[in-house]
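Q:
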Amino acid sequence: MSNEYPTRRNPAKILVAISVVAIVVVAAYAYVTWPKPNFTVYTYDSFMAWGEANDTQIFSDFERRYGVNLEIRRLETDANGIVARLKAEEANPVADVVIGIDNILILQSEAKGVLEPYTPSNIDVVDSEVVANLDEEHYVVPFDMGLVTVIYNSNDINSTSHPALDELTFSDLSDMASMLVTEDPRFSSPGLSFLLSQIAVYSEILEEDWTSWWTEVREDIDVEEGWTEAWNTWYETDARKLLVSYGTDPAYDAYYSGEEPLTRVAPYHYNGNDYAWMQIEGIGLVKNGPNPELGRAFIEYCLSEKVQSYIGLNQWMFPVNTDVEMNPVFQHALHPDDVEVLNSLLNSTIIEENLNDWLSQYETIMIG
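In our numbering, the protein residues as written are 4 to 371.
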């Protein structure tokens, strides 16, 4: 890959008004409790790790307001591992809140089993469609969102050398499979988003057997365990010029290079429309957590402009609070309004009923 591409950090993956009742209960609790109570948030290891802000800048107002010692505990695992950790601690929960369970993982009973539904009083700062696309029961509510698709470096490959990039199809990706790096859908959120994108296109648009594509590419495609491993392979291996990643990557490139980004996005193109998969990450209340009132207040705090304004340049996803103004570099990102969202072709009921079978079929094809 060209050395002109800025080296991406390599992670291992106005306060809003809160109801008077919650303020009174939580403030009273903080006042009479000494030493300060511990408040713990479980999340994945790369949470807010791709920018210059730190936890104190983002969350210290909550600590001061409620008189707590807040710990953002970044576990060395992905969201599936976090759910497993919560399950193991079910009899004596440590965490109060969890961040990172997305719109696919929440369909699994194991995830809902360790969470308590909660509807924040300020939920209306989030578009109702985004809320519904994550979880209509509010075991988790949206924290951030982004589009998963294919990216490339325009110094290495472009629409002049490969015109198919302008209107990319899975047939094109089959032809370029030896250039493509993706993530294992059994372990990785973007990898699973890619698998579901391919299934949505083949089953709902092309009306073809989705497994045929994987059978065709299995000898050529590079499947890495997670996003970090896939990104490193893409960056370091000359032959691998296409990567399954996020549509905000060009914004990251522009921000750290200070120039027009070399990173480009290629959404899938069918019948005159561009498509991509929407990943929505949620925040939820841990069932029987140590501080449920504080947990509810923290969820509302995380939907405020104060917290949401940090998501763009530190999480490199889109904030879900519609009042947040984005940094100008996000003009280079793929926005939800730019595409048709593939999730609409595979609703939550279809995914919930078929996901285990799909993953088993994938494993049979790719692993044997």
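Glycine included, every Cβ here is placed at the ideal spot set by N, Cα and C. Because the structure is a prediction, the values reported are computed rather than measured.
Suppose the cutoff is 7 angstroms on Cβ atoms and the five residues either side in sequence are ignored; what does the same chain contact list for V117 look like?
A: Within the same chain, V117 has close Cβ partners V86, L89, K90, E93, V289, K290.
Q: I need the straight-line Cα distance from F173 to I302, nearest angstrom please.
A: So the two alpha carbons sit approximately 39 angstroms from each other.
Q: Output the distance between the C-alpha atoms of E211 and W361, rounded to the nearest integer angstrom.
A: Approximately 15 angstroms, taken between the alpha carbons.
Q: Cβ of T266 within 7 angstroms of Cβ of D277?
A: Cβ distance not < 7 angstroms, so T266 and D277 don't count as in contact.
Q: I need the boundaries of the beta strand (DSSP E) containing Y273, first residue and last residue.
A: 271 to 273 is the span of the beta strand (DSSP E), which, as asked, contains Y273.
Q: Counting C-beta neighbours from all protein chains within 10 Å, is the total for H335 16 or more, i.e. buried, or is it exposed?
A: By the 10 Å Cβ count, H335 comes out buried.
Q: Below 8 angstroms, can you find three or more Cβ-Cβ pairs linking the segment 308 to 322 to the segment 47 to 62?
A: Judged by Cβ distances under 8 angstroms, the segment 308 to 322 makes contact with the segment 47 to 62, as three or more pairs qualify.
Q: Just verifying my parser: in three-state terms, what is the DSSP assignment at L288?
A: In this structure, L288 counts as strand in the three-state DSSP scheme.
Q: Could you check what DSSP says for A105 in three-state terms: helix, strand or coil?
A: In the sequence under discussion, the amino acid at residue 105 is Asp, which differs from the Ala named in the question. In the structure shown, D105 sits in a strand (DSSP, three-state: E or B).
Q: Here's a check: name, in chain order, each residue in its chain whose Cβ is nearer than 6 angstroms to the Cβ of Y180, leaving out the five neighbours to either side.
A: Tyr is not the amino acid found at residue 180; the sequence shown has Ala there. V220, D223, I224.
Q: At what residues does the alpha helix (DSSP H) containing L358 begin and finish?
A: 351 to 369 is the extent of the alpha helix (DSSP H) around L358.
Q: Using only alpha-carbon positions, find the residue among F62, N136, G275 that is nearest to E170.
A: For E170, the nearest C-alpha among the options comes from G275.
Q: Ordered along the chain, which non-local residues of its own chain (more than five positions away) have a Cβ less than 6 angstroms from that of Y304?
A: Around Y304: F65.
Q: Below 8 angstroms, can you find three or more Cβ-Cβ pairs linking the segment 160 to 170 to the segment 121 to 141?
A: In short, these stretches do not touch, since the Cβ pair count stays below three.
Q: By Cβ distance, which residues of its chain are closer than 6 angstroms to Q311, with the 5 residues on each side in sequence left out?
A: Answer for Q311: P322, N324, V327, listed in chain order.
Q: Would you call A242 buried or exposed, if buried means 16 or more other Cβ atoms sit within 10 Å of its Cβ?
A: A242 should be labelled exposed.
Q: Over the uninterrupted alpha helix (DSSP H) stretch that includes Q173, give me the two end residues.
A: Strictly speaking, residue 173 in this sequence is Phe, with Gln absent from that position. It spans 173 to 178 - the alpha helix (DSSP H) in which F173 sits, taken as one unbroken run.
Q: If we count Cβ pairs, one from each stretch, closer than 8 angstroms, do we get three or more for the segment 141 to 161 versus the segment 291 to 301?
A: Not touching, per the Cβ criterion.
Q: Please find out if some non-hydrogen atom of the ligand ADP comes closer than 6 angstroms to the beta-carbon of L168.
A: The ligand ADP is not among the ligands present in this structure, which contains no ligands whatsoever.
Q: In the DSSP assignment, find the alpha helix (DSSP H) that holds V97 and state where it starts and stops.
A: Neither: V97 is in no alpha helix (DSSP H) and is coded neither H nor E.
Q: With V342 and A279 assumed to form a contact (beta carbons below 8 angstroms), what rounded beta-carbon distance in angstroms separates them?
A: Right, their Cβ atoms sit about 5 angstroms apart.
Q: Would you call the CB atoms of N72 and N41 closer than 7 angstroms?
A: In contact: N72 and N41 (Cβ atoms closer than 7 angstroms).
Q: Taking Cβ positions, are A203 and L345 nearer each other than 7 angstroms?
A: In contact: A203 and L345 (Cβ atoms closer than 7 angstroms).
Q: Cα-Cα, which of I354, M320, G285, E296 is closest to E140?
A: Checked all of I354, M320, G285, E296; the closest Cα to E140 is G285.
Q: Determine the direct distance from the alpha carbon of M329 to that of D127, and round the result to whole angstroms.
A: Taking the straight line joining both Cα atoms gives about 19 angstroms.
Q: Taking the alpha helix (DSSP H) that L137 belongs to, which residues open and close that run?
A: 131 to 137 is the span of the alpha helix (DSSP H), which, as asked, contains L137.
Q: How big is the Cα-Cα spacing for S49 and R76?
A: When rounded, the distance between both Cα atoms is 11 angstroms.
Q: In the DSSP assignment, find the unbroken alpha helix (DSSP H) run with R67 in it and report its ends.
A: R67 -> alpha helix (DSSP H) spans 58 to 69.
Q: Can you check which of these residues, L199, T236, K309, L337, is closest to T59 by C-alpha distance?
A: Comparing Cα-Cα distances from T59 to each of L199, T236, K309, L337, the minimum goes to K309.
Q: Starting from L337 and walking both ways along the alpha helix (DSSP H), at which residues does that stretch end?
A: From DSSP, L337 is part of no alpha helix (DSSP H); its letter is neither H nor E.
Q: What would DSSP say about Y313, mapped onto helix, strand or coil?
A: Three-state DSSP puts Y313 in coil, outside helix and strand.
Q: Does the beta-carbon of R299 have 16 or more other beta-carbons within 10 angstroms, so that it is buried, or is it exposed?
A: Burial call: buried.
Q: When DSSP builds the beta bridges, which residues end up paired with Q282?
A: Beta-bridge pairing links Q282 to G149.
Q: On the premise that W217 lies in contact with M369, defined as a C-beta separation below 8 angstroms, what is that separation, rounded to the nearest angstrom?
A: That pair is a contact at about 6 angstroms.
Q: Report the rounded CA-to-CA distance for P166 versus V101, giving the unit in angstroms.
A: If I take the Cα positions, the gap works out to 43 angstroms.
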